[in-house]
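Enquirer:
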Amino acid sequence: MRTDQPQTIYLSEYKVPAYLVEQIELRFELFEDGARVHSTLTVRRNPESQETGKPLELDGDSLKLESVALNGETLESTAYEDRGDKLVVPDVPEQFQLAVVTWIEPQNNTRLEGLYKSSGMFCTQCEAEGFRCITYYPDRPDVMARFRTRIEADKSAYPVLLSNGNPVEQGDLDNGRHFVTWEDPFPKPSYLFALVAGDLVEKRDSFTTCSGRDIDLRMYVEPRNSEKCDFAMDSLKRAMRWDEEVYGREYDLDIFMIVAVDDFNMGAMENKGLNIFNSSCVLASQETATDAIFQRIEAIVAHEYFHNWSGNRVTCRDWFQLSLKEGFTVFRDAQFSADEGSPTVKRIEDATLLRTAQFAEDAGPMAHPVRPASYIEIGNFYTLTIYEKGEEVVRMIHNLLGSEMFRKGSDLYFERHDGQAVTTDDFVKAMEDASGRDLTQFRLWYEQAGTPVLNVEDDFDAEQGVYRLTIRQTVPDTPGQTNKKPQHIPFALGLLDSNGDALPLNMDAAETDAPTERVLEITGAEHRFEFYGLDEKPVPSLLRDFSAPVRVHYPWAREQLLFLMSHDPDGFNRWDAGQRLAIDVIQSLIGHDDETEIEPRLVESYRGLLNNDSLDQALVAKMLQLPSENYLVELSEQADVPSIHHARERVLLHLANALRDDLLACYQRNNQAGEYELTSDAIARRSLKNIALGWLLHIGDEEALALATEQFQNADNMTDRLGALRALVNSGFDQERTEALDAFYEQFQHDPQVVEMWFSVQSASHKTGQLPHIRHLLGHEAFDWKNPNKVRSVVGAFAGQNLPAFHNPDGSGYEFLAEVICRLDDSNPQIAARLVTPLSRWKKFAPTYSEQMKKALESIRDKEALSKDVYEVVHKSLA
Ligand code: ARG
Ligand code: ZN
18 MRTDQPQTIY LSEYKVPAYL VEQIELRFEL FEDGARVHST LTVRRNPESQ
68 ETGKPLELDG DSLKLESVAL NGETLESTAY EDRGDKLVVP DVPEQFQLAV
118 VTWIEPQNNT RLEGLYKSSG MFCTQCEAEG FRCITYYPDR PDVMARFRTR
168 IEADKSAYPV LLSNGNPVEQ GDLDNGRHFV TWEDPFPKPS YLFALVAGDL
218 VEKRDSFTTC SGRDIDLRMY VEPRNSEKCD FAMDSLKRAM RWDEEVYGRE
268 YDLDIFMIVA VDDFNMGAME NKGLNIFNSS CVLASQETAT DAIFQRIEAI
318 VAHEYFHNWS GNRVTCRDWF QLSLKEGFTV FRDAQFSADE GSPTVKRIED
368 ATLLRTAQFA EDAGPMAHPV RPASYIEIGN FYTLTIYEKG EEVVRMIHNL
418 LGSEMFRKGS DLYFERHDGQ AVTTDDFVKA MEDASGRDLT QFRLWYEQAG
468 TPVLNVEDDF DAEQGVYRLT IRQTVPDTPG QTNKKPQHIP FALGLLDSNG
518 DALPLNMDAA ETDAPTERVL EITGAEHRFE FYGLDEKPVP SLLRDFSAPV
568 RVHYPWAREQ LLFLMSHDPD GFNRWDAGQR LAIDVIQSLI GHDDETEIEP
618 RLVESYRGLL NNDSLDQALV AKMLQLPSEN YLVELSEQAD VPSIHHARER
668 VLLHLANALR DDLLACYQRN NQAGEYELTS DAIARRSLKN IALGWLLHIG
718 DEEALALATE QFQNADNMTD RLGALRALVN SGFDQERTEA LDAFYEQFQH
768 DPQVVEMWFS VQSASHKTGQ LPHIRHLLGH EAFDWKNPNK VRSVVGAFAG
818 QNLPAFHNPD GSGYEFLAEV ICRLDDSNPQ IAARLVTPLS RWKKFAPTYS
868 EQMKKALESI RDKEALSKDV YEVVHKSLA
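Okay, here's the thing in structure tokens:
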């Protein structure tokens with residue numbers, strides 16, 4: 018057990034830096050047994066700091082200090098204090114140069130923060146606080162310096178040497194070594210620093226900007242991946258064009274580089290001019306990547322590129338402002354993906370993630386505002402709340418202001434704050450100033466944690482022809498926050514008559530010709546809205562396009578949901594009505610015996626969907642998917658996973674049996690030969706086909722088995738091959754499952770990204786993902802504890818997606834996860850801390866489960882030398 022208490026950092030204690038760094042000159046000597054880092058800082062006192070006479074304090078982590086020199090004079094070790102995590106130099110003048118030499122061991126860096134090695138190459142990850150693992154430095158984003166970086170390494174092992182900016186010098190050195198010097202003209206915080214050294218192939222392309230500048234685009238990958246770069250490169254060019262057209266943002270350096278590395282804690286990183294990606298988020302080919310992966314790559318490439326403005330040119334003052342860059346950039350990449358594909362489907366996917374995982378986070382022990390007020394380990398705050406709820410907050414501003422004003426606001430924001438490190442408040446202020454709108458109350462979205470709940474009631478006055486909506490809002494208590502204020506919520510609404518026609522929303526008796534959709538603004542605890550001139554009670558379509566990240570409660574009747582499923586002009590709400598109906602049906606079966614009737618109208622509505630050719634097929638594919646077990650857990654009070662699983666399974670089997678012929682026809686109709694295309698229609702067809710296949714195999718259909726086997730063997734793309742594999746794995750056909758899994762591994766064992774899919778298909782499956790098999794996978798030759806993707810694809814998929822196996826009533830799943838977390842905590846605390854999430858939700862589950870989950874958390878708490886990453890999550894979970 019950890020006896021010291023890691024320190025909490027508070028936003029309220031923010032102080033401007035006492036010293037600023039104008040320039041940093043780095044020289045890296047890279048060797049097999051370590052690296053020597055020479056850093057020379059040009060420093061001056063910050064005139065804005067009140068702390069005159071304060072010693073210079075530099076951050077450090079796991080560094081071996083070799084020497085310190087002030088203005089060229091080597092300092093005696095008594096002239097400074099090496100506290101390990103801080104280097105303190107007490108007597109420094111107003112302006113000076115400080116030269117520090119440190120020795121680090123990238124080859125032993127398993128945390129993957131700072132400089133480390135990944136399959137033979139050197140690479141870095143400095144956000145949030147990795148730079149301090151490289152050298153002593155004021156490692157905070159409001160210290161922005163110009164970087165000049167010289168890299169020296171063996172020329173044959175590391176022919177490619179990269180850093181931020183432009184290459185300005187290169188040459189050979191003695192002993193078969195060489196060097197390259199890079200200079201980045203844009204001052205930047207240390208978290209945007211990057212270095213790569215390796216034996217990599219270079220893929221080149223170019224882009225001409227709106228002002229006619231030619232940009233060199235380069236991707237660097239290991240030779241075996243050279244055929245998996247085209248899609249990312251194409252996505253990059255589309256993102257560059259889009260940002261010019263939609264936000265007026267032009268790229269600012271002459272080179273833009275992307276590097277793929279296999280060992281990476283997160284998805285990717287927006288280092289200035291040198292984005293580094295997790296291989297799984299950038300490398301793809303038709304044969305090895307699914308449609309979902311292609312879409313993820315497009316989004317992440319765009320996301321990192323967009324950060325060049327929203328993050329790099331304008332950066333964060335401190336890490337409490339993380340959502341300033343992440344929320345805004347996720348919003349930008351979501352707009353881009355919507356423009357490139359199906360906007361409705363993109364919205365459905367984002368809302369699903371938000372409602373399933375972010376709502377759960379917001380209701381759990383780690384709940385925090387979009388702008389947190391405190392943290393112990395910032396690495397724990399790269400959360401769904403910062404990213405996805407942060408996105409929703411920016412989207413609400415967009416919806417309140419309209420596209421044109423929003424663009425004015427973003428122009429003002431970039432112009433006003435270019436080259437600065439700023440706050441979420443500065444962002445909102447720019448939006449206010451450009452639009453003239455008062456966003457005072459709206460700012461509560463950044464300050465209050467918890468998902469607001471809207472309770473909606475209605476009544477119809479037939480005599481007056483008036484329909485009344487009463488909307489009450491509450492914001493639930495969260496750890497450390499009670500008695501919250503009402504928030505400013507944009508609530509998009511429409512009303513339908515019994516023919517399914519949109520009704521004009523007359524909000525005073527005299528109004529005629531009113532619009533058929535309005536965005537109501539909820540600002541108080543209770544509102545009443547009246548709609549005039551109606552002949553009958555309308556069906557309300559509430560929170561269209563998911564106009565705010567809130568829960569809506571309304572006493573839906575099943576007829577109303579069925580009606581909206583087929584009539585709502587808002588695609589999102591059509592889908593949502595189907596989800597609500599399915600949830601209602603599944604929930605009504607939980608705890609009842611298997612004789613209980615399953616709503617017959619559900620089957621008929623699904624039959625209608627399966628045979629509807631006129632609807633957007635991408636929407637149909639989404640509508641056919643039942644709500645996930647995770648979402649059903651999130652919606653319940655004291656979740657009993659086996660009962661939820663059983664009820665959902667009953668509905669699935671029932672639908673599949675009843676719709677067997679329709680599913681087969683759907684499969685055949687969408688199983689078209691021809692070129693593999695990534696259009697939204699082609700993606701929808703593959704999705705429909707594979708859903709149908711999955712359902713049919715679920716009910717043991719022999720004809721479908723033959724189709725699946727043939728598709729598995731002959732598919733010309735990974736979407737279909739994996740679709741067939743997944744269907745086989747989740748079926749009762751034991752022999753075919755084993756044969757397919759073996760053949761798949763045999764064929765793709767040399768491709769880590771595909772092996773990761775192979776792991777997660779098994780780990781997430783109710784059929785194969787039982788604990789003994791999970792342990793078997795951990796011993797597999799392709800499994801590697803040091804590789805985060807492998808850990809995620811086996812352990813993450815098991816604990817996060819395979820709910821019935823993880824929540825085994827004997828508690829073995831929890832004990833297993835605790836054991837894994839303790840093991841990983843010693844090598845990679847960031848990954849270990851992320852894996853705690855499924856256990857942190859223990860209070861959500863029925864007592865037999867929650868007690869054992871709590872015990873597992875306590876066993877982690879009692880581990881020796883717990884990292885502060887895991888400490889924070891475990892202690893907050895148990896509080
Ligand atoms: N800024 C990156 C992104 O969102 C995330 C990197 C965070 N990395 C980390 N190890 N905390 O694109
Ligand atoms: Zn980001």
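Numbering (the numbering used here), first residue to last: 18 to 896. Note that the Cβ used here is the ideal one computed from N, Cα and C, for glycine as well. These numbers were taken from a predicted model, which means no experiment stands behind them.
Could you spell out where the beta strand (DSSP E) holding residue 215 opens and where it closes?
Expert: Taken as a continuous stretch (DSSP letters only), the beta strand (DSSP E) holding residue 215 covers 212 to 215.
Enquirer: Quick check: the stretch 291 to 300 against the stretch 340 to 356, are there 3 or more CB pairs under 8 Å?
Expert: As far as the Cβ criterion goes, the stretch 291 to 300 does not touch the stretch 340 to 356, which means the pair count is below three.
Enquirer: To the nearest angstrom, how far is the alpha carbon of residue 701 from that of residue 22?
Expert: Distance between the alpha carbons of residue 701 and residue 22 is about 52 Å.
Enquirer: Between the Cα of residue 174 and those of 114, 248, 139, 205, spot the shortest distance and give me the residue it belongs to.
Expert: If we check each option's Cα against that of residue 174, 139 comes out closest.
Enquirer: Could you please give me the residues that DSSP links to residue 785 through a beta bridge?
Expert: Answer is none; residue 785 lacks a bridge partner.
Enquirer: When DSSP labels each residue in this structure, what does residue 775 get in the three-state scheme?
Expert: If DSSP states are grouped into helix, strand and coil, residue 775 belongs with the helices.
Enquirer: Any idea which residues DSSP pairs residue 178 with across the strands?
Expert: Note: residue 178 sits in a beta bridge opposite 214.
Enquirer: Opposite residue 558 in the DSSP bridges: which residues?
Expert: In DSSP, residue 558 forms a bridge with 511.
Enquirer: Would you please state the rounded distance, in angstroms, between the beta carbons of residue 512 and residue 484? I believe it to be under 8 Å.
Expert: Going by Cβ atoms, the distance from residue 512 to residue 484 rounds to 7 Å, so yes, they are a contact pair.
Enquirer: Is the beta carbon of residue 343 within less than 6 Å of some heavy atom of the ligand ZN?
Expert: Checking the Cβ of residue 343 against the ligand ZN gives yes.
Enquirer: Tell me whether residue 103 sits in a helix, a strand or coil according to DSSP, three-state version.
Expert: Looking at residue 103 - three-state DSSP - the assignment turns out to be strand.
Enquirer: Out of 299, 335, 304, 350, which one is the CA nearest neighbour of residue 320?
Expert: Of the candidates 299, 335, 304, 350, the one whose C-alpha sits nearest the C-alpha of residue 320 is 350.
Enquirer: Between the Cα of residue 768 and those of 222, 301, 371, spot the shortest distance and give me the residue it belongs to.
Expert: It is 301.
Enquirer: Verify the contact flag: residue 322, CB atom, against every heavy atom of the ligand ARG, threshold strictly below 6 Å.
Expert: Incorrect: residue 322 has no Cβ contact closer than 6 Å to the ligand ARG.
Enquirer: If we count the other Cβ atoms within 10 Å of its Cβ and call it buried at 16 or more, is residue 555 buried or exposed?
Expert: It counts as buried.
Enquirer: Please list the terminal residues of the continuous alpha helix (DSSP H) segment that includes residue 443.
Expert: That run of the alpha helix (DSSP H) goes 441 to 452.
Enquirer: Quick check: does the Cβ of residue 119 come within less than 6 Å of any heavy atom belonging to the ligand ZN?
Expert: Answer for residue 119: no, Cβ out of range of the ligand ZN.
Enquirer: How about the stretch 813 to 826 and the stretch 654 to 673: do they share at least three Cβ pairs that are nearer than 8 Å?
Expert: With the cut-off at 8 Å, the stretch 813 to 826 and the stretch 654 to 673 touch.
Enquirer: Under the three-state reduction of DSSP, which class applies to residue 923: helix, strand or coil?
Expert: The requested residue 923 is not part of the displayed model; the chain covers only 18 to 896.
Enquirer: With distances taken Cα to Cα, identify the nearest neighbour of residue 828 among 652, 428, 863.
Expert: Looking at the Cα atoms, 863 is the closest of the given residues.
Enquirer: Alpha helix (DSSP H) containing residue 53: first to last residue?
Expert: Here residue 53 belongs to no alpha helix (DSSP H); instead the beta strand (DSSP E) covers 51 to 62.
Enquirer: Pop quiz: residue 44 and residue 167 are said to be a contact at Cβ under 8 Å. What is the actual Cβ separation, rounded to whole angstroms?
Expert: Residue 44 to residue 167, Cβ: 5 Å. Contact.
Enquirer: Assuming residue 61 and residue 39 are in contact, meaning their beta carbons sit under 8 Å apart, how far apart are those beta carbons, in whole angstroms?
Expert: Correct: roughly 7 Å between the Cβ atoms.
Enquirer: Excluding the 5 residues preceding and the 5 following residue 740 in the sequence, name in chain order all residues of the same chain whose CB lies nearer than 6 Å to its CB.
Expert: Correct list, in chain order: 707.
Enquirer: Going by Cα to Cα distance, which pick from 856, 119, 628, 786 is closest to residue 682?
Expert: Per the Cα distances, 628.
Enquirer: Can you find a heavy atom of the ligand ARG that lies under 6 Å from the Cβ of residue 806?
Expert: The answer is no for residue 806.
Enquirer: In terms of alpha-carbon separation, which member of 526, 791, 515 lies closest to residue 553?
Expert: Out of 526, 791, 515, 515 has the C-alpha closest to the C-alpha of residue 553.
Enquirer: How do the stretch 338 to 350 and the stretch 320 to 329 stand: do at least 3 beta-carbon pairs fall below 8 Å, yes or no?
Expert: Yes, the stretch 338 to 350 touches the stretch 320 to 329.
Enquirer: What does a CB cutoff of less than 8 Å around residue 523 pick up in its chain, not counting 5 residues either side in sequence?
Expert: So the list reads 529, 531, 548, 549, 550, once near-sequence residues are dropped.
Enquirer: Does DSSP classify residue 605 as helix, strand or coil?
Expert: Residue 605 falls in the helix class under three-state DSSP.
Enquirer: Closer than 6 Å to a non-hydrogen atom of the ligand ZN - does that hold for the CB of residue 736?
Expert: Not so, every heavy atom of the ligand ZN lies at least 6 Å from the Cβ.
Enquirer: Using a Cβ-based criterion (distance less than 6 Å to any ligand heavy atom), does residue 396 qualify as near the ligand ARG?
Expert: Yes, the Cβ of residue 396 comes within 6 Å of a heavy atom of the ligand ARG.
Enquirer: Using the C-alpha atoms, what's the distance from residue 276 back to residue 186?
Expert: Cα-Cα distance, rounded: 21 Å.
Enquirer: Is DSSP giving residue 730 helix, strand or coil here?
Expert: Three-state DSSP puts residue 730 in a helix.
Enquirer: Restricting to Cα atoms, I'd like to know which of 238, 226, 242 is closest to residue 260.
Expert: Answer by Cα proximity: 226.
Enquirer: Label residue 184 either buried or exposed according to how many other C-beta atoms from any shown protein chain fall within 10 Å of its C-beta, with 16 as the threshold for buried.
Expert: It is exposed - the Cβ of residue 184 has fewer than 16 other Cβ atoms within 10 Å.
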